[in-house]
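A short write-up of the structure that comes next.
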Ligand code: 6R9
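Residue numbers (the UniProt record's numbering): 1 to 577.
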């Protein structure tokens, strides 16, 4: 039946997902903000709460879809009044406050490209990203302005307007600095989104490689097709859910699933201005009766560290789905979720570049603890044979070798899903290098089991080669973490004259355990028992493992410390998301 498409073929999967969206009226294209806000505001969900926001003291404010439509329309009109044109870039540097959601969605209505930055960034990473991204507008708070922007504003000549979200001191109100509330009050609430080509750029997220400047991954309006479809399939997200994504919108998760997907689906989005605190989080889950919770393995591990007693004090029965992303989810954490929170944690895998979840243990299906899961509908994944550098081997004709069955290789995705990044800003050659033979090369090494599930092994450049054995640090970390004394572990390859590298583990102990020689010996034995030849040969106790801002253990930094590299050299070991 050549030429016939079936319901599971990517093209028909995405065509079907596209039909669940409205599209702009009169066939004027596809705009993320229309799908997320305006179509609900114009229908029976207008009075439903779109955003339920908790400030630091946990007082609640609510914004309905109709109100969100009003505010984002005003924001789009305000941009227009300032002379900001479609395609120009709006950055946000904000904590999780209502203005953040208004600015992001309002910018998309205005057909600007929006780039949310993490408020905890210091001036240097902000300057670098705003410079690379040609920021024309920045939305920030007066406090963040003083702390982060004032020292660098002179280096950002392209920045024409700063919108402040609160009362500013007079000295901040230099030309081009505006009071956002006043602008919105003056602006009209009537706004019709202009024609938007689905291929028009919409979202810009910065991500890091091992070296060089951050990479600006650019996504288009069509990405919304994948945001919504994957949230339904992987997270089982529905219109009557109260959904909490703990990721900050400064990271791709916090935008794709912390803003776009839940609103497109018509759910109520919870947003917490506060930072992680075990008691606060349990209180929030209970009091807000969160039904779907998308978080990160580090958070789960921090809750684990706090102990089951804290969880037992709270009624978490409203929780239907717990899922995580961003770093390896240990089998231990999955089981702990089931035992203590009442639900297993569903692992999901994706990247800034993929824009949406690609591989998952979908909600509603059996979780395989330790596995990332299987490709979602419309996603074709593969493992590619690796070359000596650990990356996929590309032959002189540009072909790669796709491995069959149970195998280990570089994880690749057949190019063409809707939320695939469309370029790295100003780095087309870097973008081209991310693809081969029609596949997007993830830079992650994974293996596939007999049931077609994918298991994370490590980044291509983190994998350890010891005495001829390929050792995945995650495998070693997971094993160590099954020991009751171990809260967290980071494993690196330590250069070794005989074995090439030997496996070294840095271990953070749980409260109540002392870093004694006995315990070190016990852990080495425990590791040998569990892992055999790939067990760590050295263990160091470290109660301050370096983490990226999103909570991944920075193995490369551990490695640099181990090698005694000076601090200056560490800066080249890019601080990743
Ligand atoms: C969404 C996000 C991407 C990298 C990715 C991989 C790691 C993500 C994971 C995972 C193991 C998972 N990663 N999910 N590792 N298991 N379920 O995190 O994007 O910040 O670009 O990071 O994170 O190494 O390549 P990003």
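By construction, the Cβ of each residue, glycine as well, lies at the ideal position given by its N, Cα and C atoms.
Distance, residue j Cα to residue i Cα
{"i": "residue 255", "j": "residue 81", "result": "26 angstroms"}
{"i": "residue 366", "j": "residue 347", "result": "11 angstroms"}
{"i": "residue 139", "j": "residue 117", "result": "10 angstroms"}
{"i": "residue 414", "j": "residue 311", "result": "41 angstroms"}
{"i": "residue 100", "j": "residue 547", "result": "25 angstroms"}
{"i": "residue 194", "j": "residue 418", "result": "21 angstroms"}
{"i": "residue 406", "j": "residue 377", "result": "21 angstroms"}
{"i": "residue 102", "j": "residue 389", "result": "45 angstroms"}
{"i": "residue 89", "j": "residue 112", "result": "6 angstroms"}
{"i": "residue 560", "j": "residue 489", "result": "16 angstroms"}
{"i": "residue 558", "j": "residue 492", "result": "7 angstroms"}
{"i": "residue 35", "j": "residue 308", "result": "40 angstroms"}
{"i": "residue 429", "j": "residue 459", "result": "21 angstroms"}
{"i": "residue 450", "j": "residue 206", "result": "36 angstroms"}
{"i": "residue 164", "j": "residue 174", "result": "12 angstroms"}
{"i": "residue 508", "j": "residue 299", "result": "15 angstroms"}
{"i": "residue 402", "j": "residue 64", "result": "49 angstroms"}
{"i": "residue 258", "j": "residue 525", "result": "43 angstroms"}
{"i": "residue 319", "j": "residue 239", "result": "15 angstroms"}
{"i": "residue 339", "j": "residue 530", "result": "23 angstroms"}
{"i": "residue 442", "j": "residue 411", "result": "6 angstroms"}
{"i": "residue 542", "j": "residue 510", "result": "11 angstroms"}
{"i": "residue 565", "j": "residue 306", "result": "34 angstroms"}
{"i": "residue 495", "j": "residue 502", "result": "6 angstroms"}
{"i": "residue 400", "j": "residue 562", "result": "35 angstroms"}
{"i": "residue 224", "j": "residue 146", "result": "35 angstroms"}
Beta carbon of residue i nearer than 9 angstroms to that of residue j
{"i": "residue 324", "j": "residue 53", "result": "no"}
{"i": "residue 136", "j": "residue 158", "result": "yes"}
{"i": "residue 523", "j": "residue 485", "result": "yes"}
{"i": "residue 550", "j": "residue 328", "result": "no"}
{"i": "residue 351", "j": "residue 444", "result": "yes"}
{"i": "residue 242", "j": "residue 290", "result": "yes"}
{"i": "residue 368", "j": "residue 295", "result": "no"}
{"i": "residue 50", "j": "residue 84", "result": "no"}
{"i": "residue 69", "j": "residue 48", "result": "no"}
{"i": "residue 409", "j": "residue 434", "result": "no"}
{"i": "residue 56", "j": "residue 288", "result": "no"}
{"i": "residue 618", "j": "residue 115", "result": "One cannot answer for residue 618 here, as it falls past the ends of the chain, which runs 1 to 577."}
{"i": "residue 454", "j": "residue 374", "result": "yes"}
{"i": "residue 474", "j": "residue 349", "result": "no"}
{"i": "residue 132", "j": "residue 216", "result": "yes"}
{"i": "residue 121", "j": "residue 92", "result": "no"}
Under the three-state DSSP convention, the category residue i falls into
{"i": "residue 75", "result": "helix"}
{"i": "residue 109", "result": "helix"}
{"i": "residue 350", "result": "coil"}
{"i": "residue 183", "result": "helix"}
{"i": "residue 417", "result": "coil"}
{"i": "residue 251", "result": "coil"}
{"i": "residue 276", "result": "coil"}
{"i": "residue 64", "result": "strand"}
{"i": "residue 153", "result": "helix"}
{"i": "residue 493", "result": "strand"}
{"i": "residue 227", "result": "helix"}
{"i": "residue 443", "result": "strand"}
{"i": "residue 212", "result": "In this prediction, residue 212 scores a pLDDT of 48, lower than 50, which makes its location untrustworthy; no coordinate-derived value is stated."}
{"i": "residue 559", "result": "helix"}
{"i": "residue 408", "result": "strand"}
{"i": "residue 390", "result": "coil"}
{"i": "residue 458", "result": "strand"}
{"i": "residue 207", "result": "strand"}
{"i": "residue 32", "result": "helix"}
{"i": "residue 526", "result": "helix"}
{"i": "residue 259", "result": "helix"}
Anticipated Cβ contact below 8 angstroms, residue i with residue j, distance rounded
{"i": "residue 229", "j": "residue 108", "result": "In fact, because the Cβ distance is near 19 angstroms, the residues do not count as touching under 8 angstroms."}
{"i": "residue 106", "j": "residue 76", "result": "5 angstroms"}
{"i": "residue 355", "j": "residue 226", "result": "6 angstroms"}
{"i": "residue 333", "j": "residue 301", "result": "6 angstroms"}
{"i": "residue 166", "j": "residue 142", "result": "5 angstroms"}
{"i": "residue 540", "j": "residue 527", "result": "The pair is not a contact, with the Cβ atoms about 13 angstroms apart (cut-off 8 angstroms)."}
{"i": "residue 219", "j": "residue 200", "result": "Not a contact, Cβ separation roughly 10 angstroms."}
{"i": "residue 10", "j": "residue 416", "result": "7 angstroms"}
Any non-hydrogen atom of ligand 2 within 8 angstroms of residue i CB
{"i": "residue 332", "result": "Absent from the structure shown: ligand 2. Ligands present: ligand 1."}
**Asked** Is the stretch 376-383 in contact with the stretch 279-289, if contact means three or more CB pairs nearer than 8 angstroms?
**Response** Not touching, per the Cβ criterion.
**Item:** Inter-stretch contact (C-beta, 8 angstroms, three-pair minimum) for the stretch 230-243 and the stretch 347-363
**Value:** Output reads yes: the stretch 347-363 touches the stretch 230-243.
**Asked** Contact between the stretch 242-255 and the stretch 35-48: three or more CB pairs below 8 angstroms?
**Response** Contact annotation: the stretch 242-255 does not touch the stretch 35-48, with fewer than three C-beta pairs closer than 8 angstroms.
**Item:** the stretch 422-429 / the stretch 387-402 touching (three or more Cβ pairs under 8 angstroms)
**Value:** Taking a contact to require three or more Cβ pairs closer than 8 angstroms, the stretch 422-429 and the stretch 387-402 do not qualify as touching.
**Prompt:** Are the stretch 22-39 and the stretch 184-200 touching, with three or more C-beta to C-beta distances below 8 angstroms?
**Reply:** The way I'd put it, the stretch 22-39 does touch the stretch 184-200; three or more beta-carbon pairs between them come closer than 8 angstroms.
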